[in-house]
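Okay, so the sequence shown: first residue is 28 according to this note's numbering, each after it adds one.
What follows is a set of notes on a single structure, which appears directly below.
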Amino acid sequence: MNIYAVFGKQGMSHCQCYGSSSSASPQEALVHCLILSQPKFQLERNLTVYPILISAGIKDVVVPVKDAINRWLKIRKQVASPLQRLSSPSLSALERRVSTVSPSAAWASTFVWAVSQQQSLYQTAHKLNTDTLSLSEWLIPLLAEGNVSFATVKPPVRPLVACIDDSNAVQRKVKLTLEAAGYNVIGITEPARVLTTFVRQRPALILMDITMPEINGYDLCKMLKQSALLKDVPVVMLTGREGLTDRLRARAVGASDYMTKPFDPQQLLTLLGKYVAATTTA
28 MNIYAVFGKQ
38 GMSHCQCYGS
48 SSSASPQEAL
58 VHCLILSQPK
68 FQLERNLTVY
78 PILISAGIKD
88 VVVPVKDAIN
98 RWLKIRKQVA
108 SPLQRLSSPS
118 LSALERRVST
128 VSPSAAWAST
138 FVWAVSQQQS
148 LYQTAHKLNT
158 DTLSLSEWLI
168 PLLAEGNVSF
178 ATVKPPVRPL
188 VACIDDSNAV
198 QRKVKLTLEA
208 AGYNVIGITE
218 PARVLTTFVR
228 QRPALILMDI
238 TMPEINGYDL
248 CKMLKQSALL
258 KDVPVVMLTG
268 REGLTDRLRA
278 RAVGASDYMT
288 KPFDPQQLLT
298 LLGKYVAATT
308 TA
């Protein structure tokens, strides 16, 4: 989920949410941005991103979630993030304890199962048909007693996808689409930088335009396929050319696949999934 604030002469006046998330709604994402003690901001001029899921005045967005913000702030020390995964030193002891404070036996059983699988708070709340805030508040006594804790999980390794395209608009769309789906993205607008960049960061897959300054995509693809470091990296031509001749030529220089622009985000994800698996977080 990407949240952008629009600043005018009187300060922040507008908020927009882009992208998708299987875990949180745009409203939830905004709440957790607003309760961060040390948020990170990135200012960009003339940013055009899409699709827009929410576009509203900042006051209209914040006022309805003010109560949720205050409730989260009260438990922030105990529950740092809804993405944390649940754990327990003793599932049998947890089962006995939860049976005394749960709304129903089915609820207790589902919760204990979620803990046994180290599910995140988002996943657990979804299975219990409740919201993450209510679940987190309910957890506070169990955390204090030591019946429940949060597991230490190594961050997943996100596959790196390189996008070689001189269009900033295409770079932004690719980045928004892929990062929301569990990929890391490195954007390259100058083909001359490709080899030196890939020596430092070897991608799992390369998206490449055909029509670029300095060198065309066919020649660049052929060059990469002659590199011992990059010859096995799949190359997908992402271009506005739709002709059969272009597709055949792309295959001839070693491209693994071909997609025309403008592209549908879901179709791009499906295509990439054929060659490299994304890492998703709960």
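Glycine included, C-beta positions come from ideal geometry on N, C-alpha and C.
Does the distance from the CB of residue i to the CB of residue j come in under 8 Å?
| i | j | result |
| --- | --- | --- |
| Leu298 | Thr204 | no |
| Ala208 | Cys248 | no |
| Val180 | Val142 | no |
| Ile237 | Thr224 | no |
| Arg124 | Leu169 | yes |
With respect to 7 Å, is the separation between the Cβ of residue i and the closest non-hydrogen atom of the ligand FAD below this value?
| i | result |
| --- | --- |
| Leu271 | Ligands in the displayed structure: none, and consequently the ligand FAD is not present. |
Give the DSSP-derived three-state secondary structure of residue i in the structure shown.
| i | result |
| --- | --- |
| Ile191 | strand |
| Thr238 | coil |
| Asn97 | helix |
| Leu275 | helix |
| Ser126 | coil |
| Val212 | strand |
| Ile233 | strand |
| Ser108 | coil |
| Glu217 | coil |
Could you tell me which residues DSSP puts in a beta bridge with residue i?
| i | result |
| --- | --- |
| Phe177 | Leu113 |
| Asp284 | Val263 |
| Asn243 | Answer by DSSP bridge pairing: none, since Asn243 is not bridged. |
| Lys147 | Note on identity: in this sequence residue 147 is Ser, with Lys being the wrong assignment. Its beta-bridge partners are Arg112. |
So that I know if they touch, is there some Cβ in chain B lying closer than 8 Å to that of residue i?
| i | result |
| --- | --- |
| Val221 | Of the protein chains in this structure there is only one, and it is not chain B. |
Can you tell me whether residue i is buried or exposed, with buried defined as 16 or more other CB within 10 angstroms of its CB?
| i | result |
| --- | --- |
| Thr266 | buried |
| Asn97 | exposed |
| Gln146 | buried |
| Pro186 | buried |
| Lys200 | buried |
| Ala189 | buried |
| Gln109 | Per the sequence shown, the amino acid found at residue 109 is Pro instead of Gln. It counts as buried. |
Tell me the rounded alpha-carbon separation between residue i and residue j.
| i | j | result |
| --- | --- | --- |
| Asn195 | Lys101 | 42 Å |
| Asp87 | Leu61 | 14 Å |
| Ala178 | Val221 | 40 Å |
| Val263 | Glu217 | 18 Å |
| Leu251 | Leu232 | 12 Å |
| Val139 | Leu118 | 7 Å |
| Glu269 | Met235 | 15 Å |
| Ile15 | Trp165 | Examination of residue 15 is not possible in this model, given that the chain is present from 28 through 309 alone. |
| Pro240 | Pro261 | 22 Å |
| Gly300 | Pro182 | 21 Å |
| Gln105 | Trp134 | 22 Å |
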